[in-house]
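First the structure, in the form of structure tokens, and then the observations on it.
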Amino acid sequence: MAGETYDEKMDVWSAGVVLYFMLGWTLPFNGENVEEIVAAVKKGDPVRFPKEFFPWLSRGAEDLIEQMLARDPAVRLSAEQVLRHPWITEMSMTWV
Numbered sequence: 001m002a003g004e005t006y007d008e009k010m011d012v013w014s015a016g017v018v019l020y021f022m023l024g025w026t027l028p029f030n031g032e033n034v035e036e037i038v039a040a041v042k043k044g045d046p047v048r049f050p051k052e053f054f055p056w057l058s059r060g061a062e063d064l065i066e067q068m069l070a071r072d073p074a075v076r077l078s079a080e081q082v083l084r085h086p087w088i089t090e091m092s093m094t095w096v
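In UniProt numbering, the protein residues as written are 1 to 96.
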């Protein structure tokens with residue numbers, strides 16, 4: 001958004017979009033063109049997880065993505081908080 005100061009929370013938001021796409025092969029914001037997609041992002045509706053794309057997604061993963069994509073940077077997770085999120089820590093234990 002114009003006039004905002006860049007910080008890590010913008011990167012967290014971007015990473016949230018990438019994570020959403022990686023897990024569901026679809027994007028969290030829809031539109032027929034770039035203008036409509038930007039409008040959907042600015043509107044700030046809650047992120048949805050359609051079962052057709054996310055039939056197996058855990059509540060923990062949904063929670064992480066919702067917090068990463070929070071429109072308000074004051075409530076969006078920091079990078080450190082993302083790394084400490086239970087879904088991340090639980091998943092990292094299964095990879096060891």
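Cβ coordinates follow ideal geometry from the N, Cα and C atoms, glycine included. Remember, predicted model here, so these are calculated numbers, not experimental data.
Query                                                                                                                                         : Result
Report buried or exposed for ARG59, applying the criterion of at least 16 other Cβ atoms within 10 angstroms of its Cβ.                       : exposed
Confirm, please, whether the CB-CB distance from LEU69 to ILE88 is below 8 Å.                                                                 : no
Whose CA, out of GLN67, SER92, ASN33 and ALA39, lies closest to the CA of VAL47?                                                              : GLN67
Please check the pair PRO73 and LYS9, which I expect to be a contact at CB under 8 Å, by giving their CB distance rounded to whole angstroms. : 4 Å
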